[in-house]
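Protein chains: 2
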Amino acid sequence: MLTTDIKHKLISIVGQENYEDNKASRLVYSYDATPNFQSLPDAVLSPRNTNEISAIVKVCNEYKIPIVPRGSGTNLCAGTCPTEGGIVLLFKHMNKIIEIDEENLTVTVQPGIITLNMIQEVEAKGLFYPPDPSSMKISTIGGNINENSGGLRGLKYGVTRDYVMGLEAVLANGDVIRTGGKLAKDVAGYDFTRLFVGSEGTLGVITEATLKLIPLPETKKTMLALYQDIDAAARSVSKIIANRIIPATLEFLDQPTLKVVEAHAQIGLPTDVQAVLLIEQDGPPEVVERDMFRMAEICKQEQAISVQVAKSEEEAEALRTARRNALSALARLKPTTILEDATVPRSEIARMVKAINEIAEKYDLTICTFGHAGDGNLHPTCPTDVRNHEEMERVEKAFEEIFIRAIELGGTITGEHGVGVMKAPYLELKLGAQGIAAMQAVKSALDPNNIMNPGKVFAKESRKRVVVTQ
Amino acid sequence: MLTTDIKHKLISIVGQENYEDNKASRLVYSYDATPNFQSLPDAVLSPRNTNEISAIVKVCNEYKIPIVPRGSGTNLCAGTCPTEGGIVLLFKHMNKIIEIDEENLTVTVQPGIITLNMIQEVEAKGLFYPPDPSSMKISTIGGNINENSGGLRGLKYGVTRDYVMGLEAVLANGDVIRTGGKLAKDVAGYDFTRLFVGSEGTLGVITEATLKLIPLPETKKTMLALYQDIDAAARSVSKIIANRIIPATLEFLDQPTLKVVEAHAQIGLPTDVQAVLLIEQDGPPEVVERDMFRMAEICKQEQAISVQVAKSEEEAEALRTARRNALSALARLKPTTILEDATVPRSEIARMVKAINEIAEKYDLTICTFGHAGDGNLHPTCPTDVRNHEEMERVEKAFEEIFIRAIELGGTITGEHGVGVMKAPYLELKLGAQGIAAMQAVKSALDPNNIMNPGKVFAKESRKRVVVTQ
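Protein chains in written order, with the numbering used here: chain C, -4 to 465; chain D, -4 to 465.
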């Protein structure tokens, strides 16, 4: 708990109205979208500007109080769960677009802005911010940057990291630094911009970001390819890219996912096939037309039983929305939904899907798989119930095997969800003890008192998800 | 100097034939392409593999011997000058393409491979590695990664950083770490891949890299727009991009540069105009055709006196080659050529060119300016003579003013050349004392004995170029 003295210091910075420590507020911010993690913060602060954040951080650094910056808490790795108490920082007062620069094609924003709101503002000017995490209706840019969020357009356009050109951040000692700028090229010093992207709030608090925009593609087309053979769908993915076509979106949904998504969205998705690919291309009309034709041909050659182009933008949007809502749909099945994001080189998609199905069978679990096939970024999802400890043990073992198999295939334990608390015990699988030691050296150098989102990324012990529930 | 004991330890690692400490070898590697910096190393080693590098690093860490990894030494910031002696590491035995993966669109290479050689190999397979520093005929991928090299295609395609997907690196303690992989998405831990890109050998030795490839554009077209008004050329750059066209190349050459380049290349470049823009677009034929037409229209609206499309690929290649050789051409004018790379947001190009010309006049210097206008990345270049101390003082003051002006315009002291020794005294202009302190914390954490390319990036004192000559 915070002492009265510290509480008064913090209130003197943000004002009484931006300091909350009643039980209700602390409960609201005790968890995020990750199942099975909860821990009460000591207080919830809503600073109004960078100077206030710097002042808060200085107090926290002096008294060794944990700080957890939080956007909308949609992350799936318990990255914003205040596992060690301390202060949750909210950005509800720092949610503005500072500038859209049409000459330099940049947008400068405060971290608290909702991603979709920003996207709509820039698209109104004919510009395009491609990263589109499924959570973008509610997630914030600050959260996206801290988690290096991906999305459906990653294959062609990259992820959040590829669009962050400059940052303002508050370090653990209260220093405010600025990195990068509206610069296509800048090699003045270490790339702290990208070091901070995806660092999950463990190195500092991001207070402003300048993001790269590109011209909005002229047109977009959407199609569905249906398969009775999962392998054939995976082969189509590889063959499209080996044919030098990079579609904007190349999503995979297996039958169990399709059934749930259709029950939720009711837009006429086929539920009698083993898998579908949702394929989109954008760009100049001639190019989109040609690429769609060539991709349809490839899917047919690879035994797609049907290839249907969406007849209207409304139909296309319904398909995209259904896909984006896959997690919400799956969450209706059982009290607990464990969704993972093991990722492999795209050439290994077929092997990975096969491995997931074998592992599900071995542990007698239902695992639905969907995800960004073009990125090799799959979301095996297990509807379960945390109260069933016996089943949760099997879930934990199954996902550990899935991570190990992903690494064996040249992959990673997390493609876009982050490490947080949840995947910290598995990080060594990917980076080795030496890689983690190097990261720890950087963390300790920038945050010697370990106040910046402590307990995240680095595993304190080898406890895993199943143990947390006990 | 190295003791006999240390020398024997190093020879036992790399073999007698890969250890050189005769005066001639030490002289050859005492300087790089940067004028006016020279310092003898104690020995030059050519390891054959990562294990040998790890063993060398362990010896160096034990005895606090500086290590300077060196590709072809084409950098322009004295980044590979062994200013504190020690060991120069050469990569002549580590220069292979390990794999071109056509399914995942990656190439995995050893650091010593010449960039152009790798580009030719991947293009033979219909794939494309866009970063094209002007030095690419002789520079190595390892050097490009350490300096985060740019090039003529940066505007549309980004720089080296944007194509590095994974690294193997040897840390100062001898640990070998692997980052990233053939993964479109990977958020497992801090982004050490990008932290190492552009770190100029100060954080570790890069021993292998996996690079992203994209499909080779189907076609490319090249044109020259001629101007009697530099401002009009700069306005054309801004207007092209504000019209949502992102060309592959958008290069600027002023009249003094044009004259020198034409005298060198003799390809019929106009020398009676104030400035030219070299503009290229690549992609599907319809798109290239349309963009070239629209860009030509914009240039004419902005008072270009002539817009000429290259009639053949030979003519286009001659134009590109002439541009790439601008530095070599300028180097023929005077004994010493000081070339800088102050960079601004592209909206500020006109103001920056104007400032450079005013500063040249103020200090009574010839400064030729060319560069990547679309990136805001200019190369003001001063033909001079280091033996003329009085003039060098003026050169130094002029460039300091250029850096300050670039920063005032929201720019940076270096767009693509790196900080090295040469720009270390100016780094604080861009990052502030707090930004440099944060970088220093990371450097000390990963390299506590400061053996990795010491004296680079971080200024020991405020001495600048002119003082070095005395």
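Idealized CB from N, CA, C, for every residue including glycine.
Delimiting residues of the alpha helix (DSSP H) encompassing His374 (chain D)
Walking along the second sequence from the start, residue 374 (chain D) turns up at place 379. Note, His374 (chain D): premise wrong, no alpha helix (DSSP H); beta strand (DSSP E) at 372 to 379.
Whole-angstrom distance between Ser233 (chain C) and Gly410 (chain C), CA atom to CA atom:
On the first sequence, position 415 is the one that residue 410 (chain C) refers to. On the first sequence, position 238 is the one that residue 233 (chain C) refers to. Looking at the two C-alpha atoms, the distance is approximately 18 Å.
Can you round the beta-carbon distance between Leu111 (chain C) and Met131 (chain C) to whole angstroms, since I take them to be within the 8 Å contact cut?
The count along the first sequence starts at 1 and reaches residue 111 (chain C) at position 116. The count along the first sequence starts at 1 and reaches residue 131 (chain C) at position 136. About 5 Å; that satisfies the 8 Å criterion.
Determine the chain D residues that contact Met160 (chain C) at a beta-carbon separation under 8 Å, and present them in chain order.
Stepping through the first sequence from its first residue, residue 160 (chain C) is reached at position 165. Within chain D, no residue comes near Met160 (chain C); the closest Cβ sits about 10 Å away, beyond 8 Å.
Contact set between Thr75 (chain D) and chain C, taken where Cβ atoms lie within less than 7 Å
Sequence index remark: in the second sequence, residue 75 (chain D) carries index 80 (1-based). What Thr75 (chain D) touches in chain C: nothing, since even the nearest Cβ is about 15 Å away.
Cβ atoms of Ile397 (chain D) and Ile354 (chain D): under 9 Å apart, would you say?
Position 359 of the second sequence, counting from 1, holds the residue named residue 354 (chain D). Position 402 of the second sequence, counting from 1, holds the residue named residue 397 (chain D). Contact flag set, yes.
I'd like the list of long-range same chain contacts for Ser301 (chain D), defined as Cβ closer than 6 Å, with 5 residues on each side in sequence excluded.
Here residue 301 (chain D) corresponds to residue number 306 of the second sequence, with the count starting at 1. Taken in chain order, the residues that qualify are Leu221.
Kindly give me the distance between the Cβ atoms of Thr197 (chain D) and Asn448 (chain D), rounded to whole angstroms, as I take these residues to be in contact under 8 Å.
The sequence position of residue 197 (chain D) within the second sequence is 202, counting from 1. The sequence position of residue 448 (chain D) within the second sequence is 453, counting from 1. Right, the Cβ-Cβ distance comes to about 5 Å (below 8 Å), so this counts as a contact.
Tell me which residues share the same chain as Asp336 (chain C) and place their Cβ nearer than 8 Å to its Cβ, disregarding the 5 neighbours each side in the sequence.
Counting from one through the first sequence, the residue named residue 336 (chain C) turns up at place 341. Within the same chain, Asp336 (chain C) has close Cβ partners Leu71, Gly366, Asn372, Leu373, His374, Thr409, Gly410, Glu411, His412.
Assigned secondary structure, Asp249 (chain C) (DSSP; H/G/I helix, E/B strand, else coil)
In the first sequence, counting from the first residue as 1, residue 249 (chain C) sits at position 254. Three-state DSSP puts Asp249 (chain C) in a strand.
Using the beta-carbon count (16 or more within 10 Å), is Ile431 (chain D) buried or exposed?
For the purposes of this step, residue 431 (chain D) is taken as the residue at position 436 of the second sequence. Counting Cβ neighbours within 10 Å, Ile431 (chain D) comes out buried, since at least 16 surround it.
Proximity to Gly450 (chain C) [Cα-Cα], best of C:Pro128, C:Gly80, C:Ile274, C:Ala38
Stepping through the first sequence from its first residue, residue 450 (chain C) is reached at position 455. Of C:Pro128, C:Gly80, C:Ile274, C:Ala38, the residue nearest in Cα terms is C:Gly80.
Sorted by chain position, which residues of the same chain lie with C-beta nearer than 8 Å to Lys2 (chain C)'s C-beta, five sequence neighbours on each side aside?
For this step, residue 2 (chain C) is matched to residue 7 along the first sequence. So the list reads Tyr14, Asp16, Ala38, once near-sequence residues are dropped.
Between Asp249 (chain D) and Ala270 (chain D), which are expected to be in contact by the criterion C-beta below 8 Å, what is the C-beta distance as a whole number of angstroms?
Within the second sequence, the letter at position 254 stands for residue 249 (chain D). Within the second sequence, the letter at position 275 stands for residue 270 (chain D). Right, the Cβ-Cβ distance comes to about 5 Å (below 8 Å), so this counts as a contact.
Using the Cβ count rule (16 or more neighbours within 10 Å means buried), how would you classify Lys216 (chain C)?
Indexing the first sequence from 1 puts residue 216 (chain C) at position 221. Per the 10 Å Cβ criterion, buried.
Residue burial classification, Glu549 (chain C) (beta-carbon count within 10 angstroms, cutoff 16):
Nothing can be reported for residue 549 (chain C), as the shown portion of chain C is limited to -4 through 465.
With 8 Å as the limit, tell me which residues of the segment 203 to 237 of chain D have their beta carbon closer than that to any beta carbon of chain C; keep them in chain order.
Ile209, Pro210, Leu211, Ser233, Ile236, Ala237
So, is the C-beta of Ser342 (chain D) closer than 9 Å to a C-beta in chain C?
The residue given as residue 342 (chain D) occupies position 347 in the second sequence. It does: the Cβ of Ser342 (chain D) has a partner Cβ on chain C nearer than 9 Å.
Please list the partners that Met434 (chain D) has in chain C, where partner means a Cβ-to-Cβ separation under 8 Å.
To locate residue 434 (chain D), count along the second sequence from 1; it is residue 439. The contacting residues are Gly184, Tyr185, Phe187.
Starting from Val414 (chain D), find everything on chain C with Cβ-Cβ shorter than 9 Å and list it in chain order.
Sequence index remark: in the second sequence, residue 414 (chain D) carries index 419 (1-based). Correct list: Val182, Ala183, Gly184.
Considering only residues of the same chain and omitting the five flanking positions on each side of Thr379 (chain C), which have a CB-CB separation below 7 Å?
Here the question's residue 379 (chain C) lines up with position 384 in the first sequence. Around Thr379 (chain C): Lys329, Thr331, Ile333, Glu386, Met387, Val390.
Arg382 (chain D) at chain C interface by Cβ criterion, 9 Å
As a first step, residue 382 (chain D) must be located in the second sequence, where it is residue number 387. No, no contact with chain C.
Glu312 (chain D) classed as buried or exposed, judged by whether at least 16 other C-beta atoms fall within 10 angstroms
In the second sequence, residue 312 (chain D) corresponds to position 317, counting from 1. So Glu312 (chain D) counts as exposed.
Provide the residue(s) that pair with Ala220 (chain D) in DSSP beta bridges, ordered along the chain.
Here residue 220 (chain D) corresponds to residue number 225 of the second sequence, with the count starting at 1. Bridge partners of Ala220 (chain D): D:Leu272, D:Val302.
Return the CA-CA distance between Arg460 (chain C) and Ala28 (chain C), expressed in angstroms with no decimal places.
What you label residue 460 (chain C) is simply residue 465 of the first sequence in a count that begins at 1. What you label residue 28 (chain C) is simply residue 33 of the first sequence in a count that begins at 1. In this predicted model, Arg460 (chain C) has a pLDDT of only 49, less than 50, meaning its place in the structure is not dependable; the value taken from the coordinates is given anyway. Distance between the alpha carbons of Arg460 (chain C) and Ala28 (chain C): 15 Å.
Please check if any C-beta of chain D sits within less than 9 Å of the C-beta of Gln298 (chain C).
Position 303 of the first sequence, counted from the start, is the residue given in the question as residue 298 (chain C). Closer than 9 Å: no.
Does His374 (chain C) have its Cβ less than 9 Å from a Cβ in chain D?
Position 379 of the first sequence holds residue 374 (chain C). So, not an interface residue.
Using a Cβ cut-off of 9 Å, pull out every chain D residue sitting near Gly430 (chain C), in sequence order please.
Translated into the one-based positions of the first sequence, residue 430 (chain C) becomes position 435. By Cβ distance, chain D contributes Asp170, Ile172, Arg173, Thr174, Gly184, Phe187.
Contacts of Ile241 (chain D) in chain C (Cβ-Cβ under 8 Å):
Here residue 241 (chain D) is taken as the residue at index 246 of the second sequence, counted from 1. Those are Ile209, Pro210, listed as they occur along chain C.
Considering Cα atoms alone, identify which of D:Gly184, D:Val348, D:Gly146, D:Gly199 is closest to Ala167 (chain D).
Numbered from its first residue, the second sequence carries residue 167 (chain D) at position 172. Out of D:Gly184, D:Val348, D:Gly146, D:Gly199, D:Gly199 has the C-alpha closest to the C-alpha of Ala167 (chain D).
For the beta strand (DSSP E) containing Ala164 (chain D), list its first residue and its last residue.
Residue 164 (chain D) sits at position 169 when you count from the first residue of the second sequence. Ala164 (chain D) -> beta strand (DSSP E) spans 159 to 165.
Check this for me: beta carbons of Gly278 (chain D) and Pro340 (chain D), under 9 Å apart or not?
Working through the second sequence from its first residue, we reach residue 278 (chain D) at position 283. Working through the second sequence from its first residue, we reach residue 340 (chain D) at position 345. Not a contact, by the Cβ cut-off of 9 Å.
Buried or exposed for Asn44 (chain C), going by 16 or more other Cβ atoms inside 10 Å?
Within the first sequence, numbered from 1, the residue matching residue 44 (chain C) stands at position 49. Classification for Asn44 (chain C): exposed.
Out of C:Lys357, C:Cys363, C:Pro77, C:Gln298, point me to the one whose CA is closest to Val23 (chain C)'s CA.
Position 28 of the first sequence, counted from the start, is the residue given in the question as residue 23 (chain C). Minimum Cα distance to Val23 (chain C) is reached at C:Pro77.
If you follow the beta strand (DSSP E) that Arg65 (chain C) is in, where does it begin and where does it stop?
Counting from one through the first sequence, the residue named residue 65 (chain C) turns up at place 70. 62 to 65 is the span of the beta strand (DSSP E), which, as asked, contains Arg65 (chain C).
With distances taken Cα to Cα, identify the nearest neighbour of Val452 (chain D) among D:Pro265, D:Asn141, D:Phe247, D:Leu208.
Numbered from its first residue, the second sequence carries residue 452 (chain D) at position 457. Closest option to Val452 (chain D), Cα to Cα, is D:Asn141.
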